[in-house]
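First the structure, in the form of structure tokens, and then the observations on it.
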Amino acid sequence: MTIRLFNTLTKTKEDFTPIRRDDVRMYVCGPTVYDFAHIGNARPAIVFDVLYRLLRHTYGADHVTYVRNITDVDDKINARALRDFPNLPLNDAIRAVTEKTEAQYHADVAALGCLPPTHEPRATDHIGGMIAMIQTLLDKDHAYVAQGDEGREALFDIRKMEDYGQLSRRKLEDQLAGARIEAKDYKRNPGDFVLWKESNSDEPGWDATFQISDANREQLRGNSNAISIRGRPGWHIECSVMSAAYLGNTFDIHGGGLDLIFPHHENEIAQSRCAHGTPVMANVWMHNGFLQVEGEKMSKSTGNFFTIQDLLAKEHPEVLRLQMLLTHYRQPIDWTDAGRRQARAILNHWYQFTDGHYPLEMSSKELSPVLDAISDDLNTPEAIGLFTQTLSPMALKAAARFLGVLNSDLDAWRRWRPAGQAVDEVEILSAIEARLAARKGKNFAESDRIRDELLAQGIVLKDGPTGTTWEIKR
Numbered sequence: 038m039t040i041r042l043f044n045t046l047t048k049t050k051e052d053f054t055p056i057r058r059d060d061v062r063m064y065v066c067g068p069t070v071y072d073f074a075h076i077g078n079a080r081p082a083i084v085f086d087v088l089y090r091l092l093r094h095t096y097g098a099d100h101v102t103y104v105r106n107i108t109d110v111d112d113k114i115n116a117r118a119l120r121d122f123p124n125l126p127l128n129d130a131i132r133a134v135t136e137k138t139e140a141q142y143h144a145d146v147a148a149l150g151c152l153p154p155t156h157e158p159r160a161t162d163h164i165g166g167m168i169a170m171i172q173t174l175l176d177k178d179h180a181y182v183a184q185g186d187e188g189r190e191a192l193f194d195i196r197k198m199e200d201y202g203q204l205s206r207r208k209l210e211d212q213l214a215g216a217r218i219e220a221k222d223y224k225r226n227p228g229d230f231v232l233w234k235e236s237n238s239d240e241p242g243w244d245a246t247f248q249i250s251d252a253n254r255e256q257l258r259g260n261s262n263a264i265s266i267r268g269r270p271g272w273h274i275e276c277s278v279m280s281a282a283y284l285g286n287t288f289d290i291h292g293g294g295l296d297l298i299f300p301h302h303e304n305e306i307a308q309s310r311c312a313h314g315t316p317v318m319a320n321v322w323m324h325n326g327f328l329q330v331e332g333e334k335m336s337k338s339t340g341n342f343f344t345i346q347d348l349l350a351k352e353h354p355e356v357l358r359l360q361m362l363l364t365h366y367r368q369p370i371d372w373t374d375a376g377r378r379q380a381r382a383i384l385n386h387w388y389q390f391t392d393g394h395y396p397l398e399m400s401s402k403e404l405s406p407v408l409d410a411i412s413d414d415l416n417t418p419e420a421i422g423l424f425t426q427t428l429s430p431m432a433l434k435a436a437a438r439f440l441g442v443l444n445s446d447l448d449a450w451r452r453w454r455p456a457g458q459a460v461d462e463v464e465i466l467s468a469i470e471a472r473l474a475a476r477k478g479k480n481f482a483e484s485d486r487i488r489d490e491l492l493a494q495g496i497v498l499k500d501g502p503t504g505t506t507w508e509i510k511r
């Protein structure tokens, strides 16, 4: 079985060949923990969880390392901390925000069936590594220190990297139009980006001393080549340092959302390659497509903004996961109620079809077409299309569990209700018996009354040749 992946760096689908088969390494950009994750944040978590499962199946669970970071230092976090905890010291307020948000993220992605990554580093645990990498970039003349509008900054000089822009296919002269770029007089080039920025007294900061060149010292009109800046890291340097710490200077796969191609991933590549002197940072770059809701961009102002927590309070987590996988990961996805109902109906059928059956081993010959589809650039829609067309109940259960769904049984699936809506199975079965007795006595009015009363409580009765079953109305 050959895994083929679309590589954003080359814009082609390629056979995946790890640097070392016994040490496959993947890094995926994780959340910035200033607010609860929304449904768009769930897409990369689910997509790269499927890839992680595929790599573990192919190379062995002990031979795959998956790193997903936590960004816990960011100006958005500072603003949220000041807003939500105005009476706490800033560091305590930041800790309150990040710990609460990180815990909720872990709960959300676990509920969605995502395996925990091998490592989940926090940015604030790697400040020393960031300072060291910035110094390396200064030593190699890929960076400089400038006096910015709000203090001193260490900046990456994009013109010192001849092939900057390979990932996003952006020319240097086009950088001013890119996201998160500001034209500042103190920058040598408009596209130069921040590696380290000075903090004021009411912002979090770490002490750093950088050695700069004579020319840089003269530009600053300073008296010393050693500059001390109490500050905090720029966004991009964090991932360059954390990925290198756990995966080395060059690794196999780097993933994230399409919105991260520029500037985040482009700048990660620039920093890492120039600091380490390597031709690439990662061999394969993968990006999932955008998500919109009911045909519109998700936005709090339009009322169509949903956190994962919001949706989990109303819907079974496997429905949300399957709904995500019914669209190919590189395509845009329109998150709709109709799509949710479709995913729910599919799962309902699968649970009934596989009831009482044990799953096959994934090495079974019957499952080869499914694995081939998933191995072809994570083509989950094609794989799912094969499930009920060609697979036996045992094979379907195995394939579904490989994708992270169908992990329960039919009874538990039917009993599931949204949070706060408990099901008393004894009362339901008692009502079904009473309805059966009414029907035998030809008291159809009473039979209908019991059925309608249960329906009002969200319980759907289904009469069949073997008797009456029930399920939760979805």
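Numbering-wise (this note's numbering), the sequence shown opens with residue 38 and increments by one.
Beta carbons: idealized from backbone N, C-alpha and C, even for Gly.
Chain-order list of residues whose beta-carbon lies under 7 Å from that of residue i (same chain, five-residue window excluded)
{"i": "Val-442", "result": "Gly-150, Glu-355, Arg-358, Leu-359, Leu-384"}
{"i": "Leu-440", "result": "Val-87, Leu-362, Thr-417"}
{"i": "Trp-453", "result": "His-353, Ile-509"}
{"i": "Ser-429", "result": "Glu-403"}
Where residue i sits in the DSSP three-state scheme
{"i": "Phe-343", "result": "coil"}
{"i": "Tyr-71", "result": "coil"}
{"i": "Tyr-89", "result": "helix"}
{"i": "Trp-233", "result": "strand"}
{"i": "Ala-245", "result": "strand"}
{"i": "Glu-51", "result": "strand"}
{"i": "Lys-499", "result": "strand"}
{"i": "Leu-60", "result": "First, the amino acid is wrong: residue 60 is Asp here, not Leu. Coil, per DSSP."}
{"i": "Ala-214", "result": "With a pLDDT of 47 at Ala-214, under the threshold of 50, the modelled position of that residue is not reliable, and no figure is offered here."}
{"i": "Tyr-96", "result": "helix"}
{"i": "Asp-489", "result": "helix"}
{"i": "Asn-44", "result": "strand"}
{"i": "Glu-470", "result": "helix"}
{"i": "Val-104", "result": "strand"}
{"i": "Glu-508", "result": "strand"}
{"i": "Asp-251", "result": "helix"}
{"i": "Val-356", "result": "helix"}
{"i": "Asp-239", "result": "coil"}
Proximal residues to residue i (C-beta, below 6 Å), its chain only, five neighbours per side dropped
{"i": "Arg-217", "result": "Low local confidence applies: a pLDDT of 46 at Arg-217 is under 50, so the model's placement there is unreliable, with the coordinate-based value given in what follows. So the list reads Pro-300, once near-sequence residues are dropped."}
{"i": "Thr-364", "result": "Ile-370"}
{"i": "Tyr-103", "result": "Met-63, Tyr-89, Pro-154, Thr-155"}
{"i": "Gly-188", "result": "Glu-235"}
Minimum Cβ-Cβ distance from residue i to chain D less than 8 Å
{"i": "Leu-415", "result": "Note that chain D does not occur in the displayed structure, where there is just one protein chain."}
Nearest-angstrom beta carbon gap, residue j and residue i [assumed within contact, 8 Å]
{"i": "Asn-262", "j": "Gln-248", "result": "6 Å"}
{"i": "Pro-241", "j": "Asn-128", "result": "6 Å"}
{"i": "Asp-109", "j": "Val-84", "result": "Between Val-84 and Asp-109 the Cβ distance is about 23 Å, and since that is not below 8 Å, they are no contact."}
{"i": "Ile-298", "j": "Thr-49", "result": "The pair is not a contact, with the Cβ atoms about 16 Å apart (cut-off 8 Å)."}
{"i": "Met-318", "j": "His-163", "result": "16 Å between Cβ atoms; not a contact."}
{"i": "Lys-224", "j": "Arg-269", "result": "Their Cβ separation, rounded to whole angstroms, is 19 Å, which puts Lys-224 and Arg-269 out of contact at 8 Å."}
{"i": "Leu-423", "j": "Ala-410", "result": "7 Å"}
{"i": "Leu-232", "j": "Ala-183", "result": "Actually they do not touch by this definition, with Cβ atoms about 11 Å apart."}
{"i": "Leu-295", "j": "His-324", "result": "5 Å"}
{"i": "Leu-447", "j": "Gln-389", "result": "6 Å"}
{"i": "Pro-81", "j": "Gly-293", "result": "6 Å"}
Spatial neighbours of residue i in its chain, beta-carbon cut-off 8 Å, leaving aside the 5 residues before and after
{"i": "Pro-455", "result": "Ala-350, Lys-351, Glu-352"}
Sequence ranges, beta strand (DSSP E) only - wholly within the stretch 379 to 448, length at least 3: none
Just list the alpha helix (DSSP H) runs in the stretch 254 to 288, keeping only unbroken ones of 4 residues or longer that don't cross its boundaries, in chain order. 272 to 284
Entirely enclosed beta strand (DSSP E) segments - the stretch 119 to 205, minimum 3 residues: 180 to 185, 188 to 193
Between the stretch 131 to 141 and the stretch 82 to 95, can you find at least three pairs of beta-carbon atoms closer than 8 Å? no
Ranges of the beta strand (DSSP E) found wholly within the stretch 287 to 337, counting only runs of at least 3: 288 to 294, 319 to 325, 328 to 330
Could you say if the stretch 51 to 64 and the stretch 283 to 300 meet the contact criterion of at least three C-beta pairs nearer than 8 Å? yes
Is it the case that the stretch 297 to 311 contacts the stretch 151 to 169, given that we only count it when at least three CB pairs across the two stretches are under 8 Å? no
Is there contact here, the stretch 264 to 281 with the stretch 194 to 201, by at least three beta-carbon pairs under 8 Å? Under the three-pair Cβ rule at 8 Å, the stretch 264 to 281 does not count as touching the stretch 194 to 201.
Kindly confirm or deny that the stretch 363 to 376 and the stretch 322 to 331 touch, where touching means at least three C-beta pairs closer than 8 Å. With a cut-off of 8 Å, the stretch 322 to 331 and the stretch 363 to 376 count as touching, because enough Cβ pairs lie within range.
Does the contact criterion of 3 or more C-beta pairs under 8 Å hold for the stretch 455 to 469 versus the stretch 488 to 501? In short, these stretches touch, since the Cβ pair count reaches three.
Using 8 Å as the Cβ pair cut-off and three pairs as the minimum, do the stretch 385 to 399 and the stretch 341 to 352 touch? The stretch 385 to 399 vs the stretch 341 to 352: no contact.
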